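Written out below as structure tokens is the structure these notes cover.
Protein chains: 2
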Amino acid sequence: MENRLKEFKTLTDTLYAKNHLLGVMIFDGETIAPIASADARSKSMSVINEEIFKLLTSPSSQELINYLYEKRSSLDEITQRELTLIKRSLKLLKNMPMNEYVEYQSLLNKAQVVWSQAKKANDYEMFKPYLEKIIEYNKKIAAYYAPEKEPYDALLEMYEYGMSMADYDPFFDEMQKQIVPTLKEISNKPLPEYKFLSMPFSIEKQKILSDRIMDLMGLDRTCCSITESEHPFTTGFNKWDLRITTHYYENMFESSLYSVIHEGGHAMYEMGIDDKYQFTNIAGGASLGMHESQSRFYENIIGRSKAFMSLLHPIICDIFPEQMKGVSEETLYKALNLVHPSLIRIEADELSYSLHILIRYEIEKMLISGELNVDEAPKYWNKLYKDYLGVDVPDYRSGILQDIHWAGGSIGYFPTYALGSAYGAQMLAKMNESFDINKDITENKIQNIHKWLNKNIHVHGSMYDPKKIISMACKEEFNPQYYFDYLNNKFKDIYEI
Amino acid sequence: MENRLKEFKTLTDTLYAKNHLLGVMIFDGETIAPIASADARSKSMSVINEEIFKLLTSPSSQELINYLYEKRSSLDEITQRELTLIKRSLKLLKNMPMNEYVEYQSLLNKAQVVWSQAKKANDYEMFKPYLEKIIEYNKKIAAYYAPEKEPYDALLEMYEYGMSMADYDPFFDEMQKQIVPTLKEISNKPLPEYKFLSMPFSIEKQKILSDRIMDLMGLDRTCCSITESEHPFTTGFNKWDLRITTHYYENMFESSLYSVIHEGGHAMYEMGIDDKYQFTNIAGGASLGMHESQSRFYENIIGRSKAFMSLLHPIICDIFPEQMKGVSEETLYKALNLVHPSLIRIEADELSYSLHILIRYEIEKMLISGELNVDEAPKYWNKLYKDYLGVDVPDYRSGILQDIHWAGGSIGYFPTYALGSAYGAQMLAKMNESFDINKDITENKIQNIHKWLNKNIHVHGSMYDPKKIISMACKEEFNPQYYFDYLNNKFKDIYEI
């Protein structure tokens with residue numbers, strides 16, 4: 017047994033190393049690499065990706081993993097969990113023929129290029145055949161992964177373990193019932209003062225703001241760097257090596273501000289995972305939804321709270337005295353919480369954000385079940401935007417072609433964004449039972465919030481499934497009602513409804 | 017044969033991919049990675065380094081390479097050269113036992129940490145045992161690589177193919193005879209005006225200067241990015257993916273300026289290599305010396321020439337009008353060519369630079385032959401600095417502990433720096449036979465220089481050995497007299513001797 021465990025350690029160390037190098041390669045590609053480097057990078061990465069595929073699916077690895085999995089009750093908890101997670105990650109790989117896997121990857125590479133051209137040209141017909149093929153492939157993938165499940169349920173589980181339509185259907189139903197009416201009411205209200213946000217804020221000074229915000233969040237810079245990229249993201253390879261990125265716009269300083277807070281939330285999660293899980297597949301957040309719960313907790317629940325303005329307002333005034341002349345805490349709070357139902361998901365405010373996800377959920381579900389085909393999809397997309405957000409979609413570019421996700425093969429991914437927000441609201445309610453978080457924020461005791469999240473969420477990494485972590489942290493099952501209440505209370509108060 | 021060539025292609029593609037990922041990892045570590053990331057990075061990299069070692073030295077790779085090498089006369093020129101180069105890179109690896117290789121790598125890792133501490137503490141005794149072990153290891157390495165050669169000759173060849181003490185001895189002898197007296201004469205002359213260089217030049221504006229300089233050099237930014245690091249360097253993975261780095265000092269703007277030109281010269285070389293060699297081991301400069309010839313050609317021969325001031329002066333005046341008030345082209349030229357014999361190699365001026373190398377060459381040679389031991393080395397170091405540069409070495413930190421090279425196991429590397437400068441001066445002489453390079457620079461026809469270097473040096477990559485490339489480009493053997501003449505003419509003119 018000792019020797020077999022050593023073999024397993026060698027296997028997981030090798031996988032860690034290869035994924036580590038691939039991760040740095042992707043990060044580099046999104047940040048500093050020159051544009052023309054893409055082809056060779058993709059070629060080199062596919063050599064290593066193929067090695068990983070072969071290593072994981074080789075008969076000897078399979079035999080080893082199965083051997084240990086059968087004897088898992090005699091192994092320590094961490095190894096047991098590692099085996100469970102590796103078995104899960106193999107569910108798809110071991111059933112999917114290598115040639116289909118390679119073909120699918122190459123389809124996705126092409127699809128993303130075509131999507132980008134189609135979006136630019138506002139030409140849905142150009143992208144449509146790729147979308148159709150990707151949907152067909154996803155049905156196949158669902159069948160390889162979990163043939164006993166409804167295809168969309170299988171896909172949902174691949175992105176968020178334990179979740180299915182049985183969980184998401186009531187969540188999104190209630191969202192529609194409880195949020196859409198509030199949004200409609202607010203749309204009839206006059207807008208607060210917000211024009212000062214679009215004054216020029218020099219990028220050099222915005223960089224100083226990023227540093228101050230990272231300090232405020234307590235992000236240890238020896239373990240977390242910041243750089244720029246087209247779209248902000250976070251990546252990390254272990255708790256001592258996190259990187260967040262942002263994108264500066266001179267006339268939209270709040271964009272980078274909230275990117276830094278959002279990505280900082282992701283980084284806090286990874287940096288808080290227990291040392292003992294590092295370099296295993298347990299290091300890393302428990303799921304996409306759990307990750308999003310942390311980033312959105314910092315971005316919205318803390319970062320856009322009234323209480324947080326007492327910390328944020330003096331910092332912004334200090335760095336941008338000209339632009340902030342006459343802007344009070346209250347004005348800043350309302351401007352940073354401006355509700356404006358829009359066409360574009362990534363520009364959405366906190367209230368309407370999840371409705372963008374609701375629309376994608378409904379459409380994905382129907383595309384996978386066959387109730388909706390790719391020809392009809394744009395029309396249905398536009399109808400839902402009118403129904404839920406009250407906006408008319410003028411073109412494909414700001415409609416169904418706006419997101420890269422489907423072109424990248426991610427069907428079933430979107431719902432985790434909304435789920436993360438709901439997880440966060442439930443955590444907030446629970447946290448407020450132990451201490452008054454608004455009071456702690458205004459008294460600059462923000463570290464009490466870090467501590468709660470660290471102890472109840474971060475430290476576990478992927479040791480438990482997301483549903484289990486929620487019920488351990490909140491002492492009850494996942495309950496999205498907290499989210500709807502949180503949104504309604506906050507925005508009805510701001511808009512005096 | 018066709019199948020065997022396919023196997024070879026798979027082997028070289030795999031090696032390329034792994035080295036590509038490792039290279040990006042190193043680049044990332046030197047630039048954006050957070051400090052605490054070092055341990056895990058080094059661990060992941062050693063997994064991949066071990067894979068490369070095993071792959072290259074495996075019996076099946078050996079058999080394949082030997083099989084093809086024996087039949088090389090029936091193969092195309094490129095494959096022949098690839099085989100020659102891979103055979104050379106195996107000369108050491110196939111003879112060195114895996115455990116010694118691993119032990120040596122671990123010694124070097126430790127030695128570099130100790131060196132850094134020893135330098136900080138000005139404590140040679142601390143570093144001495146590591147230096148001693150590294151010297152012993154290098155003697156072993158020399159014997160594995162080329163048992164028939166003098167050990168230092170073997171080491172010299174590992175860094176610059178075709179070079180040995182028989183080449184370097186007369187080169188450095190003449191350098192001593194022809195350059196040391198000039199330096200002594202200049203040391204007695206009054207210094208020109210140079211104080212304006214140490215005024216504050218804002219880093220943001222220095223970044224604009226970097227961009228302008230890269231544009232002036234014609235560096236295609238879609239294939240070459242720039243970022244910051246502790247010490248400037250260039251790395252690249254193919255001609256479409258080069259990265260240069262610089263380091264900005266507010267009170268020493270010329271430091272970054274000449275780093276950008278120097279590293280830009282390295283990048284020009286790599287970007288100019290023929291497409292048909294890309295992704296083989298022929299892509300990449302022909303040797304360290306050849307690479308240095310290109311970086312120093314751009315940095316010194318062009319970048320510090322009187323003619324270049326007519327392009328540089330207006331750019332600097334445009335970006336820094338305050339600091340340049342009253343500074344003429346002539347004043348700028350003399351300030352940027354200030355001769356001040358110093359203790360530190362990396363801060364040396366163009367005239368005295370190679371004397372720093374001469375000193376290291378003499379000491380390395382004696383350390384490897386056993387004529388000098390590590391106890392006596394610092395005293396001898398100080399003596400040579402007094403004899404050649406006329407300076408007193410006050411401490412180890414600015415004496416024998418100043419460079420990381422020996423701690424990194426690089427013995428035999430330094431001479432390539434001086435060699436590169438000499439190669440460059442010979443190219444200059446040859447180029448001036450075809451066109452007047454000063455005239456072309458002042459007329460902003462700098463692309464004629466790029467073209468000459470591209471056609472005669474860059475395009476070949478490593479298709480030929482450095483000595484062959486020099487003789488093809490210059491229609492004569494390597495002749496360092498051009499270098500001594502170039503230096504004496506330039507600096508005697510500036511200092512009116």
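For the protein sequence lines, the chains are A and B, in the order given. Counting with the working numbering, you get residues 17 to 513 for the letters of the first sequence. Counting with the working numbering, you get residues 17 to 513 for the letters of the second sequence. Where is the CB? At the ideal position from N, CA and C, for every residue including glycine. Given the structure is predicted, the values throughout are model-derived calculations rather than measurements.
Does the beta carbon of residue i sit closer than 7 Å to a beta carbon anywhere in chain A?
i: I48 (chain B); result: yes
i: D403 (chain B); result: no
i: N254 (chain B); result: yes
i: V129 (chain B); result: no
i: V276 (chain B); result: no
i: S76 (chain B); result: no
For residue i, return the contacting residues in chain B, with the cut-off set at a CB-CB distance below 9 Å.
i: E220 (chain A); result: E220
Run down chain B in chain order and give the residues with a C-beta less than 7 Å from the C-beta of residue i.
i: M41 (chain A); result: L37, V40
Taking 7 Å as the CB-CB cut-off, is residue i touching chain B?
i: A33 (chain A); result: yes
i: A56 (chain A); result: yes
i: S60 (chain A); result: yes
Along chain A, which residues have their Cβ under 7 Å away from the Cβ of residue i?
i: I51 (chain B); result: T238
i: V63 (chain B); result: D29, T30, A33
i: S241 (chain B); result: I48, A49, P50
Could you give the distance in angstroms between the alpha-carbon of residue i and the alpha-carbon of residue j?
i: P337 (chain B); j: I331 (chain B); result: 10 Å
i: K132 (chain A); j: E380 (chain A); result: As written in the sequence, residue 132 (chain A) is Ser, which differs from the Lys given in the question. The alpha-carbon atoms of S132 (chain A) and E380 (chain A) are separated by roughly 20 Å.
i: M174 (chain B); j: G305 (chain B); result: 12 Å
i: V196 (chain A); j: K483 (chain A); result: 27 Å
i: G39 (chain A); j: W256 (chain A); result: 15 Å
i: G386 (chain A); j: E378 (chain A); result: 12 Å
i: N154 (chain A); j: Y429 (chain A); result: 12 Å
i: A170 (chain B); j: A158 (chain B); result: 5 Å
i: H421 (chain A); j: N316 (chain B); result: 50 Å
i: E220 (chain B); j: R88 (chain B); result: 54 Å
i: I462 (chain B); j: M325 (chain B); result: 13 Å
i: L546 (chain A); j: E119 (chain A); result: What the structure shows of chain A is the stretch from 17 to 513, and residue 546 (chain A) is not part of that stretch, so it cannot be assessed.
i: L108 (chain A); j: K156 (chain A); result: 10 Å
Check the Cβ of residue i against every Cβ in chain B and list those closer than 8 Å, keeping chain order.
i: S90 (chain A); result: Within 8 Å Cβ-Cβ: nothing; S90 (chain A) doesn't reach chain B, min ~28 Å.
Assign residue i to buried or exposed, taking buried as 16 or more other Cβ atoms, counted over all protein chains shown, within 10 Å of its Cβ.
i: P357 (chain B); result: buried
i: R320 (chain A); result: buried
i: H263 (chain A); result: exposed
i: V129 (chain B); result: exposed
i: T261 (chain B); result: buried
i: K34 (chain B); result: buried
i: A441 (chain A); result: buried
i: R20 (chain B); result: exposed
i: L207 (chain B); result: exposed
i: M114 (chain A); result: exposed
i: K193 (chain A); result: exposed
Just the chain A side, please: which residues come within less than 8 Å of residue i by C-beta, in chain order?
i: D257 (chain B); result: A49, P50, A52, S53, A56, R57
i: D44 (chain B); result: V40, F43, D44
Completely contained beta strand (DSSP E) runs for the region 213 to 299 of chain B, where each covers 3 or more residues: Counting whole runs of 3 or more residues, the region 213 to 299 of chain B contains the beta strand (DSSP E) stretches 240 to 244, 250 to 254, 257 to 262.
Could you tell me which whole beta strand (DSSP E) segments of length 3 or greater appear in the region 152 to 180 of chain B? none
Report the residue ranges of all alpha helix (DSSP H) runs contained in full by the region 332 to 417 of chain A; include only those spanning at least 4 residues, in chain order. 345 to 352, 366 to 385, 393 to 400
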